[in-house]
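Protein chains: 2
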Amino acid sequence: MKPAEQPLDNQINVMIIEDDELYRESIQELINDCESLQCNHAYESCEAGIQAVEEGFAPEIILIDIDLPGMNGIEGIRHFKQLSPASKSVMLTVFDDDDNIFNALCYGASGYLLKSASSENICQYMTDVLSGGAAMNPHIAAKVLKMFTQYSQPKKEYGLTGREKEILQLLVNGMNKKHIAGELCISLFTVDTHLKNIYAKLQVHSQIDVVSKALKERLI
Amino acid sequence: MKPAEQPLDNQINVMIIEDDELYRESIQELINDCESLQCNHAYESCEAGIQAVEEGFAPEIILIDIDLPGMNGIEGIRHFKQLSPASKSVMLTVFDDDDNIFNALCYGASGYLLKSASSENICQYMTDVLSGGAAMNPHIAAKVLKMFTQYSQPKKEYGLTGREKEILQLLVNGMNKKHIAGELCISLFTVDTHLKNIYAKLQVHSQIDVVSKALKERLI
DNA sequence: TTTTCCATACCCGGATCGCGGTATATTTTT
DNA sequence: AAAAATATACCGCGATCCGGGTATGGAAAA
Numbered sequence: 000m001k002p003a004e005q006p007l008d009n010q011i012n013v014m015i016i017e018d019d020e021l022y023r024e025s026i027q028e029l030i031n032d033c034e035s036l037q038c039n040h041a042y043e044s045c046e047a048g049i050q051a052v053e054e055g056f057a058p059e060i061i062l063i064d065i066d067l068p069g070m071n072g073i074e075g076i077r078h079f080k081q082l083s084p085a086s087k088s089v090m091l092t093v094f095d096d097d098d099n100i101f102n103a104l105c106y107g108a109s110g111y112l113l114k115s116a117s118s119e120n121i122c123q124y125m126t127d128v129l130s131g132g133a134a135m136n137p138h139i140a141a142k143v144l145k146m147f148t149q150y151s152q153p154k155k156e157y158g159l160t161g162r163e164k165e166i167l168q169l170l171v172n173g174m175n176k177k178h179i180a181g182e183l184c185i186s187l188f189t190v191d192t193h194l195k196n197i198y199a200k201l202q203v204h205s206q207i208d209v210v211s212k213a214l215k216e217r218l219i
Numbered sequence: 000m001k002p003a004e005q006p007l008d009n010q011i012n013v014m015i016i017e018d019d020e021l022y023r024e025s026i027q028e029l030i031n032d033c034e035s036l037q038c039n040h041a042y043e044s045c046e047a048g049i050q051a052v053e054e055g056f057a058p059e060i061i062l063i064d065i066d067l068p069g070m071n072g073i074e075g076i077r078h079f080k081q082l083s084p085a086s087k088s089v090m091l092t093v094f095d096d097d098d099n100i101f102n103a104l105c106y107g108a109s110g111y112l113l114k115s116a117s118s119e120n121i122c123q124y125m126t127d128v129l130s131g132g133a134a135m136n137p138h139i140a141a142k143v144l145k146m147f148t149q150y151s152q153p154k155k156e157y158g159l160t161g162r163e164k165e166i167l168q169l170l171v172n173g174m175n176k177k178h179i180a181g182e183l184c185i186s187l188f189t190v191d192t193h194l195k196n197i198y199a200k201l202q203v204h205s206q207i208d209v210v211s212k213a214l215k216e217r218l219i
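Protein chains in written order, with numbering that gives the first Met the number 0: chain Z, 0 to 219; chain U, 0 to 219.
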């Protein structure tokens, strides 16, 4: 896998946001040691980085810590996404808990690297990101996958019949019983009967509960 | 990153499910060329693989194609997960469309590799998977991330006040107005007023709609 | 062929909801 | 200091919902 060679006068601009001075400088050196990358903008806070972007600097990649004084890195992503949508944000942090990962990726981070393991192949990760890939080590990737499976869960089976599922669907779409009856061309009483059966099967006692359960458990 | 060395008599068992004979054999060779891996079980269908597992074979890793005669690979994952929960499934396919990736990962795949790009580092990916990581190239990882951001969208702001959000939360949790009043130690009339304001802000006209909208747009 | 499941339809009484008001006291903003 | 926003509380009417029934015809399963 040979990365496309970048002319020296057209290197990829990487911005670094990291409050620890020593670490910041060491990462900056690492970046500048890669011939395809350069970093002339390294800041100790999101606020400082945001100012630089507002003044017209548009880095291809923003390497950003999470635990920062003032605005944290997750919030930071949102601001950078808004100010400079083309810039790709990559988290670089010691935290590998689900919440931080989840939030960072939800706000549009293009990668999530751990400080512990990143120094060796950071250059490779950066070029991956540039070519539209995502920077993630297998450990983080596994956590992301776990969220997926958790989120899209077992899909419990309550033994709903076809008609019942149909009615559940319309209910979730905001129709009341009368409208559902009209839509399906059946009597309101029939809708009522179906709904009662649905209640029994899902063990709930109101439309609210049904809709809530259906959406939370993705029954529809 | 030095992988733990495996004694030769304790290699990792990889099962292959792939209908194309040539490709199957080439992958099998590739696996057997890795000193830490071995593959004595390569089948042309999920059904055959399932039978092997039912007869007592428990591979550490199952490499499985998607497009198969009979049961497809996505369905296959589900069966293997049930028959041998400890076995990790990795998709190996030419399809890189969102639906296939999404479904595979939802059903608990530990990785998703493209045939085009996997042959070189398949051995590394396998050891990653064994150590709890996920096998994914940056291209696939980026698609997974995109699903994340799509899923957790813009988060519209409707200008709900603190109290209103609180009531919305309780409503989504299945409480009716009377219970909410009790929970918050305020009058039922007050809950009513708040709810009316919520309706106006979200532009809906029933609790169903509120719950549905709140869950769909992840307002809570 | 009998039995069970499914979809259909109806009734009623009490509870709950939706919406139209009005009103007051604090807190925040201007 | 005046204005706006927020949280609180109350009333009544008509619509809707919930749970308890009963009932029938057809399709699927035993």
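Even for Gly, the Cβ is constructed at its ideal location relative to N, Cα and C.
Check: Which chain U residues sit within Cβ distance under 7 angstroms of residue 143(Z)?
Finding: The residue labelled residue 143(Z) in the question sits at position 144 within the first sequence. Result: 143.
Margin query: Taking DSSP's pairing of strands, which residues face residue 140(Z) in a bridge?
Written below: Within the first sequence, numbered from 1, the residue matching residue 140(Z) stands at position 141. Note: residue 140(Z) sits in no beta bridge, so no partner.
Check: In this structure, does DSSP put residue 51(U) in helix, strand or coil?
Finding: On the second sequence, position 52 is the one that residue 51(U) refers to. In the structure shown, residue 51(U) sits in a helix (DSSP, three-state: H, G or I).
Margin query: So, at 7 angstroms on beta carbons, what are the nonlocal neighbours of residue 155(U) in its own chain, with the 5 sequence-adjacent residues on each side left out?
Written below: The residue you call residue 155(U) lines up with position 156 of the second sequence. If we look at residue 155(U) and ignore the five residues flanking it on each side, its Cβ neighbours are 216.
Notebook entry, point to check: With a cut-off of 8 angstroms, does the C-beta of residue 99(Z) fall near any C-beta of chain U?
Noted result: If you number the first sequence from 1, residue 99(Z) lands on position 100. So, not an interface residue.
Next item on the list: Output the distance between the C-alpha atoms of residue 165(Z) and residue 159(Z), rounded to the nearest integer angstrom.
Entry: What you label residue 165(Z) is simply residue 166 of the first sequence in a count that begins at 1. What you label residue 159(Z) is simply residue 160 of the first sequence in a count that begins at 1. Roughly 10 angstroms separates the two Cα atoms.
Item checked: Pairwise C-alpha distance: residue 82(U) and residue 120(U) -> Counting from one through the second sequence, the residue named residue 120(U) turns up at place 121. Counting from one through the second sequence, the residue named residue 82(U) turns up at place 83. The alpha-carbon atoms of residue 120(U) and residue 82(U) are separated by roughly 29 angstroms.
Note to self: Does the CB of residue 95(U) have a neighbour CB from chain Z at under 8 angstroms?
What the structure shows: Here residue 95(U) refers to the residue found at position 96 of the second sequence. Not closer than 8 angstroms to any Cβ of chain Z, the Cβ of residue 95(U) fails to qualify, so no.
Check: Does the segment 11–21 of chain U touch the segment 187–194 of chain Z, meaning 3 or more C-beta pairs lie closer than 8 angstroms?
Finding: no
Note to self: Check this for me: beta carbons of residue 61(U) and residue 25(U), under 8 angstroms apart or not?
What the structure shows: Within the second sequence, the letter at position 62 stands for residue 61(U). Within the second sequence, the letter at position 26 stands for residue 25(U). Contact flag unset, no.
Notebook entry, point to check: Exposed or buried, what is residue 69(U) when buried is set at 16 or more other beta-carbons lying within 10 Å of its beta-carbon?
Noted result: Indexing the second sequence from 1 puts residue 69(U) at position 70. Counting Cβ neighbours within 10 Å, residue 69(U) comes out exposed, since fewer than 16 surround it.
Note to self: Can you tell me which residues form a DSSP beta bridge with residue 88(Z)?
What the structure shows: To locate residue 88(Z), count along the first sequence from 1; it is residue 89. Note: residue 88(Z) sits in a beta bridge opposite 61(Z).
Item checked: Closer than 8 angstroms to chain U by CB, residue 109(Z) -> By one-based count along the first sequence, residue 109(Z) stands at place 110. Yes, because at least one Cβ of chain U sits closer than 8 angstroms to the Cβ of residue 109(Z).
Next item on the list: Find the residues of chain U that neighbour residue 169(Z), judging by a C-beta separation of less than 8 angstroms, and give them in chain order.
Entry: On the first sequence, residue 169(Z) is found 170 positions in, with the first residue counted as 1. Ordered by position in chain U, no residue passes the 8 angstroms Cβ test against residue 169(Z), which lies about 11 angstroms from the chain.
Next item on the list: Whole angstroms is fine: what's the gap from residue 7(U)'s alpha carbon to residue 127(U)'s?
Entry: Here residue 7(U) refers to the residue found at position 8 when the second sequence is read from its first residue. Here residue 127(U) refers to the residue found at position 128 when the second sequence is read from its first residue. For residue 7(U), the pLDDT reaches just 45, beneath the cut-off of 50, and the residue's location in the model is therefore unreliable, leaving the point undetermined.
Notebook entry, point to check: Between the segment 167–192 of chain Z and chain U, which residues of the former have a C-beta closer than 8 angstroms to a C-beta of the latter?
Noted result: 170, 171, 172, 173, 175
Note to self: Against chain Z, does residue 2(U) count as a neighbour if the rule is that its beta carbon must be under 8 angstroms from one of theirs?
What the structure shows: Stepping through the second sequence from its first residue, residue 2(U) is reached at position 3. Note that residue 2(U) has pLDDT 41, beneath the 50 cutoff, so the model's placement of it is unreliable and the number below is only indicative. No, residue 2(U) lies away from the interface with chain Z (no Cβ there is under 8 angstroms from its Cβ).
Check: What's the C-alpha gap between residue 157(U) and residue 200(U)?
Finding: Working through the second sequence from its first residue, we reach residue 157(U) at position 158. Working through the second sequence from its first residue, we reach residue 200(U) at position 201. About 6 angstroms.
Next item on the list: Specify whether the segment 45–60 of chain U and the segment 97–107 of chain U touch according to this definition: at least 3 beta carbon pairs, one from each stretch, less than 8 angstroms apart.
Entry: no
Next item on the list: Establish whether the CB of residue 87(U) and some CB of chain Z are separated by less than 8 angstroms.
Entry: On the second sequence, residue 87(U) is found 88 positions in, with the first residue counted as 1. It does not; no Cβ of chain Z falls within 8 angstroms.
Margin query: Please list, in chain order, the chain U residues whose beta carbon lies closer than 7 angstroms to that of residue 83(Z).
Written below: Within the first sequence, residue 83(Z) is the residue found at index 84, counting from 1. Within 7 angstroms Cβ-Cβ: nothing; residue 83(Z) doesn't reach chain U, min ~17 angstroms.
Check: Which term fits residue 192(Z), buried or exposed, when burial requires 16 or more other beta carbons within 10 angstroms of its beta carbon?
Finding: Residue numbering aside, residue 192(Z) sits at position 193 when the first sequence is read from its first letter. Exposed is the call here.
Margin query: Could you check whether residue 139(U) and residue 106(U) sit closer than 8 angstroms to each other, using their CB atoms as the reference points?
Written below: Taking the second sequence and counting its residues from 1, one reaches residue 106(U) at position 107. Taking the second sequence and counting its residues from 1, one reaches residue 139(U) at position 140. Not a contact, by the Cβ cut-off of 8 angstroms.
Item checked: Sheet register partners of residue 190(U) (DSSP bridge) -> On the second sequence, residue 190(U) is found 191 positions in, with the first residue counted as 1. DSSP, once it has assigned bridges, lists no residue as partnering residue 190(U).
Check: Hey, how far is the Cα of residue 196(U) from the Cα of residue 219(U)?
Finding: For this step, residue 196(U) is matched to residue 197 along the second sequence. For this step, residue 219(U) is matched to residue 220 along the second sequence. Taking the straight line joining both Cα atoms gives about 17 angstroms.
Checklist line | Chain-ordered neighbours of residue 135(Z) on chain U, where CB pairs are closer than 7 angstroms | finding: The count along the first sequence starts at 1 and reaches residue 135(Z) at position 136. Residues of chain U passing the Cβ test: 140.
Item checked: CA nearest to the CA of residue 129(Z), picked from 129(U), 123(U), 141(U) -> Taking the first sequence and counting its residues from 1, the one referred to as residue 129(Z) is at position 130. Selected option, being the one with the closest Cα: 141(U).
Checklist line | chain Z contact for residue 104(U) (CB, 8 angstroms cutoff) | finding: Locating residue 104(U) in the second sequence gives position 105, counting from the first residue. True, the Cβ-Cβ gap to chain Z drops below 8 angstroms.
Next item on the list: Please classify residue 211(U): is it buried, with 16 or more other beta-carbons within 10 angstroms of its beta-carbon, or exposed?
Entry: Position 212 of the second sequence, counted from the start, is the residue given in the question as residue 211(U). Residue 211(U) should be labelled buried.
Next item on the list: Take residue 51(U) and list the residues in its own chain whose beta-carbon comes closer than 8 angstroms to its own, dropping the five residues that flank it on each side.
Entry: In the second sequence, the residue the question calls residue 51(U) occupies position 52. Correct list, in chain order: 14, 40, 42.
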